[in-house]
Amino acid sequence: MVVQTMGAFFAVLSFALILEVPRKYVFHAGFIGAACWVIYLISLNYTSSVIVAAFVSTLVVAFISHIFARRFKVPVTVFLVAGILPSVPGASIYRSVYYMIRSVSDLSSYYLTETLQIAGAIAMAVFIMDSLFRLGQKN
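Here you go:
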């Protein structure tokens, strides 16, 4: 788990550089990505559902991103976009296309459905956390 977490940290750190996150926040984005991966693994261990694990980890990432954004007075997306990278369903997308090319339509549709469910869970988690922070915001 430690090696995977370090891998997530450096992957998100690299992705943050590609996204041109300001250099002084790149390590923060890497930390958020590592936290995302740890929460994902823990959630996956307890629920055995990649959809629930993606939802929970993205919820935590969105929360931490909002806290960091307020602390450093930058937009939430500085941390959020790079931070959710470990939750993105890349393997499911790959498997969906792989089985589509191989003409195995039942597995292709299964992985496509899983991909869309994970993407929906990620979007819902970000929406929920944004809404909660907006409710707590002073007008």
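In the numbering used here, the protein residues as written are 49 to 187.
All residues carry an ideal CB built from backbone N, CA and C; glycine is no exception.
Residue state for I87 is assigned as helix, using DSSP reduced to three classes. Nearest Cα to F57 within the set V51, L65, G81: G81. In the three-state DSSP reduction, P134 falls in the helix class (H, G or I). Look at V152 here: in three-state DSSP terms it is coil, with no helix or strand label. Taking 8 Å as the cut-off, the beta carbon of E162 is found no closer than this to the beta carbon of S179. The Cβ atoms of F111 and M54 do not sit closer than 8 Å to each other.
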